[in-house]
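Participant: Before anything else, here's the structure in question.
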Amino acid sequence: MVYETITFALFSLVTLGCSLGVVLVEDVWHSALLLGGALLSVAVHYVMLQAEFLAAMQVLVYVGGILILITFAVMLTKSTAEQPSEVSEA
Numbered sequence: 028m029v030y031e032t033i034t035f036a037l038f039s040l041v042t043l044g045c046s047l048g049v050v051l052v053e054d055v056w057h058s059a060l061l062l063g064g065a066l067l068s069v070a071v072h073y074v075m076l077q078a079e080f081l082a083a084m085q086v087l088v089y090v091g092g093i094l095i096l097i098t099f100a101v102m103l104t105k106s107t108a109e110q111p112s113e114v115s116e117a
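Each residue of the sequence shown is one higher than the last, beginning at 28 in my numbering.
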């Protein structure tokens, strides 16, 4: 019983920390990674509640689907800063 309480408290802190990181981090890529951590820790909560099917759906649908979609969107829409070309005056 004590181990379950410690595990619940640990993953609750992970969920809260990752969720706050999603909102507070300015970089979209790091925010997406923190969202994955938050969603995986919620799946651990489902396993602790003996709802393995919900945990599997959480991982497959949200972590596997939504997070990959966000990753592709970040990769495809991230533009590189154009560097000014040096023009030599002759």
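Using N, Cα and C, we set each Cβ at its ideal position, and we do this for glycine too.
1. So what's residue 85 in DSSP terms, helix, strand or just coil?
2. Excluding sequence positions up to five away, which residues of its chain have a Cβ less than 7 Å from the Cβ of residue 74?
3. Would you check if the segment 30-43 and the segment 91-108 touch, i.e. whether three or more CB-CB distances between them fall below 8 Å?
4. Do you know offhand how far residue 29's Cα is from residue 72's?
5. Using the three-state DSSP reduction, which class does residue 70 fall into: helix, strand or coil?
Facilitator: Answer, in terms of the structure:
1. helix
2. 82
3. no
4. 16 Å
5. helix
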